[in-house]
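Read the structure below first, then the notes.
Residue numbers (this note's numbering): 437 to 688.
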């Protein structure tokens, strides 16, 4: 069992074992070695008790542990949530996506997440900001590098909110996408963590991407066709636009 908290958080073996006994229904024979590192801890638990333990610990926080998970959409969140919960980490979903346009697209993605979160017992914080004009002003001077600015916009707000509201760490469902610049995302998140004094919980969620998308389709989720901004929507239709422009003047 992985616990995303360690010595720096004043967590010790007694805290962990007491938590597992009280909240997880375990007894002495169910718990093996407890290894507390600086930033995290590992606990050996009897294999036959793991599934029951994760169910009982869902939503529980050891010493108030809270992880804020920036969430770009419900489909991308599916496997991220499952992985974190399998590690004993209960994320609080955070919707802040002023990069998503037009409004009906923004609304469809937001509303799908708002329906999904309570269905799986996950806390959700919706930070409304349909930022079409502000986002365009931010990126139009250098459209080829707009993604880095978009990452910074969302991850900075997530780190700022996490620090201001008592979260020990933050992460993002953006780390599940094979289409994003993963290393730039990671560097940006680490920079924001240092700036706001809150831990960045790094996970490479990409191995779960395809399975999460499959489950999202089975659940009937709205499945977006492009990243989010109007410029990525344009790229989606690049070939069709190029065909149109091959004959830019038409007489009918």
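Glycine included, every Cβ here is placed at the ideal spot set by N, Cα and C.
Excluding the 5 residues preceding and the 5 following residue i in the sequence, name in chain order all residues of the same chain whose CB lies nearer than 8 Å to its CB.
i	result
residue 481	437, 456, 462, 466, 467, 468 and 489
residue 571	534, 535, 537, 586, 589 and 665
residue 554	560
residue 448	472
Quick check: residue i and residue j, are their CB atoms within less than 8 Å of each other?
i	j	result
residue 617	residue 583	yes
residue 639	residue 518	no
residue 661	residue 653	no
residue 641	residue 503	no
residue 514	residue 651	yes
residue 507	residue 576	no
residue 470	residue 443	no
residue 509	residue 612	no
Closer than 7 Å by C-beta to residue i: which residues in its own chain qualify, once you throw out the five before and the five after it? Chain order, please.
i	result
residue 524	437, 438, 439, 490 and 493
residue 614	642 and 645
residue 629	595, 635 and 636
Using the three-state DSSP reduction, which class does residue i fall into: helix, strand or coil?
i	result
residue 504	strand
residue 517	helix
residue 560	strand
residue 682	coil
residue 667	helix
residue 657	coil
residue 498	helix
residue 525	coil
residue 571	helix
Who are the Cβ neighbours of residue i in its own chain at under 6 Å, not counting the five residues just before and after it?
i	result
residue 632	595, 596 and 599
residue 565	534
residue 625	591 and 636
Who does residue i pair with in a DSSP beta bridge?
i	result
residue 471	478
Does the stretch 590 to 602 come into contact with the stretch 628 to 636, if we say contact requires no fewer than three beta-carbon pairs (one atom in each stretch) closer than 8 Å? yes
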